[in-house]
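A short write-up of the structure that comes next.
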Amino acid sequence: MVTEAEDYFSKWGDSGEVDLKYELEHLIILTASRCLLGQEVRDKLFDDVSALFHDLDNGMLPFSVLFPYLPIPTHRSRDKARKKLSEIFANIISSRKLAGKSENDMLQCFIESKYKDGRPTTESEVTGLLIATLFTGQHTSSITSTWTGAYLLKY
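According to full-length UniProt numbering, the sequence shown is numbered sequentially starting from 1.
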């Protein structure tokens, strides 16, 4: 996480203006993708996953709770993004399993998880868990860091 932050902020100049909310959201999705989704996603697929996550997030509107299948553009984009994320994660999961590769990230924890009855998690379940984890981490951290940054600007 420290390396991600140092790399990210090293691209900033010594002075200027930034959209603090946007910048911190972007930094958090970078660190979260590495910690939760793994090095493969961070190194090779970050731009794709980030754009898909954005489409997924934009498709979660207040009225989506009551009408999740309403045929509107944001819901269509959301559903396409969810399908594409499922494909990306399925490829990574099967690649790790075939190679016998084990990584130190949340994705690996979900892959290796088993229910009390011994049944392993499915690719669909792993994908759902990853998306939920990324959402909660990204939203909570973005809001907290934006308010912290805004508060620090007072000094």
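Glycine is no exception: its CB is placed at the ideal position from the N, C-alpha and C atoms. Treat the numbers as computed from the prediction; the structure is a model and nothing was measured.
Straight-line measurement puts the Cα of E112 at about 18 Å from the Cα of R34.
Selection G59, T133, P62 evaluated against T31 yields T133 as nearest (Cα-Cα). In summary, E125 is exposed, with fewer than 16 beta-carbon neighbours lying within 10 Å of its beta-carbon over all protein chains present. According to the DSSP assignment, P73 belongs to the alpha helix (DSSP H) that extends over 73-99.
A Cβ-Cβ distance of about 7 Å is found for the pair E103 and Q39, placing them in contact under the 8 Å criterion. Judged by DSSP secondary structure, M60 falls outside any alpha helix (DSSP H); it is assigned neither H nor E. Of the residues F67, G59, L27, K80, the one whose Cα lies closest to the Cα of Q138 is L27. By the beta-carbon neighbour count (other beta carbons within 10 angstroms, threshold 16), D105 is buried.
K154 sits in coil when the DSSP states are folded into three classes, being neither helix nor strand.
A81 and T127 have their alpha carbons spaced roughly 12 Å apart.
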